[in-house]
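Terminal number for the sequence shown in the working numbering: 373, no gaps in between.
Heads up, the beta-carbon is just placed ideally off N, CA and C, and yes, glycines get one too.
In what follows, a structure is listed as structure tokens, so that the remarks can point back to it.
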Amino acid sequence: MPQQVLGVVAPGRNEPVRVETITVPDPGPGEAVVRVQACGVCHTDLHYKQGGIGDDFPYLLGHEAAGIVETVGEGVTDVAPGDFVILNWRAVCGQCRACLRGRPWYCFDTHNARQRMTLPDGTELSPALGIGAFAEKTLVHAGQCTKVDPGVAPAAAGLLGCGVMAGIGAALNTGNVGRGDTVAVIGCGGVGDAAIVGARLAGAAKIIAVDIDDRKLDTARAMGATHAVNSRDTDPVEAVRELTGGYGADVVIEAVGRPETYAQAFYARDLAGTVVLVGVPTPDMTIELPLLDVFGRGGALKSSWYGDCLPSRDFPMLVDLHRQGRIDLGAFVTETIGLGDVEKAFARMHEGDVLRSVVVL
């Protein structure tokens with residue numbers, strides 16, 4: 013029977029979030045109810061609250077989550093009650109033209125639960141990225157549940173559900189960073205630092221962190237950056253070129269999502285180098301580049317959707333690397349908080365000293 017639990021709801025554009033009682037229906041065919049153990053506070057949730065992604069208020073926020081499958085609906089075979097899972101927001105369909113061409117990370121018809129969670133008065137909630145995990149329990153499509161080794165802490169594991177996967181995947185999957193490459197990462201928040209971790213995993217010889225905050229640059233060094241550039245004081249394009257023998261980096265990862273930093277990434281790459289945009293812009297942003305420069309420099313300009321990941325492949329692999337001590341997912345957890353602290357966590361995002369606040373239930 014339907015359950016009533018507590019969840020964090022954004023009632024309207026730029027209104028403070030509040031903890032509300034929500035109704036979670038029994039899972040239907042292909043669906044699962046997950047008892048959430050931890051959920052990271054991602055900047056995307058703030059975008060939802062501000063109305064930067066859509067206007068389908070009220071939103072049930074939260075999407076970087078890990079937890080235990082409680083019940084499953086008819087036809088679900090890949091996960092079962094009791095499984096420890098990371099939730100993902102790109103459950104591939106297996107049938108669209110991208111999937112059929114062997115590129116499921118570009119799936120054009122990803123799955124979400126068909127039913128909606130509601131407020132007690134029946135008002136339907138829009139779950140952030142089809143998940144809505146700032147809640148004691150949530151309803152998702154079973155394909156959004158990726159089973160992983162339960163030996164990893166939920167607060168660390170859940171971050172693979174969005175930001176950490178996006179950054180690591182931007183380096184490994186989208187940027188195809190290789191051994192000996194030079195890499196620059198512009199913007200050293202959680203996603204940028206994850207890109208640094210990904211570049212280190214790939215064997216990059218030089219990893220240049222670029223940011224305007226020395227505290228973030230210190231953290232980037234701890235994550236594996238070999239050099240740091242404060243772009244408030246130094247032209248980042250010239251600095252990256254100077255550190256790469258005058259050529260520019262093989263791969264530049266833009267983790268801010270702004271026109272000015274994208275232009276820096278474009279000019280900071282080597283001829284025939286690669287630019288990866290993983291920072292999320294807002295709908296009003298535009299970029300203008302001389303077309304001759306685009307033509308003359310060659311290489312590749314790529315955007316990275318969710319780190320071009322395949323959750324069933326990448327989540328278990330990265331959890332295994334964490335358990336082997338090769339990456340430290342726990343290093344991304346700055347603080348653990350409760351459901352009632354999400355609004356404060358949004359405010360802390362602007363202070364520059366938080367990689368991730370994580371709601372622990």
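Problem set entry | Alpha carbon of R360 to alpha carbon of V345, nearest angstrom | 14 Å
Exercise. So, D161 versus R281, is the Cβ gap smaller than 8 Å?
Worked result: no
For this session: Within 10 angstroms of the Cβ of A382, are there 16 or more other Cβ atoms? Answer buried if so, exposed if not.
Result: The structure shown does not extend to residue 382, since the chain spans only 13 to 373, so no value can be given for it.
Problem set entry | Identity of the residue in V21, T56, G42, R25 nearest P293 by Cα | T56
Problem set entry | Distance between beta carbons of I220 and A284, contact taken as under 8 Å | Actually they do not touch by this definition, with Cβ atoms about 18 Å apart.
Exercise. Is the beta carbon of S243 less than 8 Å from the beta carbon of D230?
Worked result: Against a cut-off of 8 Å, the Cβ pair of D230 and S243 comes out as no contact.
Problem set entry | Nearest-angstrom Cα separation, counted from Q156 out to E148 | 17 Å
For this session: Can you give me the start and stop residues for the beta strand (DSSP E) that S243 sits inside?
Result: Element bounds for S243: n/a, residue is neither H nor E.
For this session: Report the option in D365, V372, G87, G85 whose CA atom is closest to the CA atom of R227.
Result: D365
For this session: Check each candidate in A357, T194, T130 and name the one with the smallest Cα separation from G19.
Result: With respect to the C-alpha of G19, the residue from A357, T194, T130 having the closest C-alpha is T130.
Exercise. Using DSSP with H/G/I as helix, E/B as strand and the rest coil, what is R212?
Worked result: helix
For this session: Starting from the C-beta of A277, find all residues in its chain whose C-beta is less than 7 Å away, skip the five residues before and the five after it, and write them out in chain order.
Result: I198, V264, E266, V287
Problem set entry | Beta bridge counterpart(s) of K228 as assigned by DSSP | BP columns for K228 are empty, so no partner.
Exercise. G187 to G74, Cα distance in whole Å?
Worked result: Computed Cα separation, rounded: 27 Å.
Exercise. Exposed or buried, which one is P93 when buried takes at least 16 other CB atoms within 10 Å?
Worked result: Exposed.
For this session: Rank Q49, D332, R126, C119 by C-alpha distance to the C-alpha of D38 and give the top, closest one.
Result: Ranked by Cα distance from D38, the options Q49, D332, R126, C119 are led by R126.
For this session: Give a yes or no on whether the C-beta atoms belonging to Y60 and A140 are separated by under 8 Å.
Result: yes
For this session: Have a look at P41 and V88 and give me their C-alpha separation to the nearest angstrom.
Result: 7 Å
Problem set entry | For R309: DSSP bridge partner residues | As computed with DSSP, R309 is found in no beta bridge at all.
For this session: Could you please give the first and the last residue of the uninterrupted beta strand (DSSP E) stretch that includes R270?
Result: Per DSSP, R270 lies in no beta strand (DSSP E) segment and is marked neither H nor E.
For this session: Return yes when the Cβ of V195 is within less than 8 Å of the Cβ of V4, no when it is not.
Result: Residue 4 is absent from the structure shown; the chain starts at 13 and stops at 373.
For this session: For G310, I'd like the list of residues in its chain whose CB is within less than 8 Å of its CB, leaving aside the five on either flank, ordered along the chain.
Result: L283, A284
For this session: State whether the region 114-121 contacts the region 26-35, with contact taken as three or more CB pairs (one from each stretch) at a distance under 8 Å.
Result: no
Exercise. Which residues share a DSSP beta bridge with Q15?
Worked result: Per DSSP, V36.
For this session: Could you tell me whether the Cβ atoms of A50 and G142 are closer together than 8 Å?
Result: Going by C-beta atoms, A50 is not nearer than 8 Å to G142.
For this session: Kindly indicate the opening and closing residues of the beta strand (DSSP E) around Q49.
Result: 43-52
Exercise. To the nearest angstrom, how far is it from the Cα of V45 to the Cα of M177?
Worked result: 23 Å
Problem set entry | Residue of A251, D205, P248 minimising C-alpha distance to A237 | D205
Problem set entry | Pairwise C-alpha distance: E363 and E347 | 14 Å
Problem set entry | Coil, strand or helix - H59 by DSSP | helix
For this session: With a cut-off of 8 Å on the beta carbons, I'd call G79 and R47 a contact; round off their distance for me.
Result: 5 Å
For this session: With distances taken Cα to Cα, identify the nearest neighbour of G308 among Y279, E76, R325, L112.
Result: Y279
Exercise. Count the other CB atoms within 10 Å of the CB of E86; is the residue buried (16 or more) or exposed (fewer)?
Worked result: exposed
For this session: Report the residue from R270, L303, L313, P132 whose alpha carbon sits nearest the alpha carbon of D11.
Result: Any question about residue 11 goes unanswered here, given that the chain covers just 13 to 373.
Problem set entry | Alpha-carbon to alpha-carbon, E82 and I98 | 13 Å
For this session: Decide if E76 is buried, meaning its Cβ has at least 16 other Cβ atoms within 10 Å, or exposed.
Result: buried
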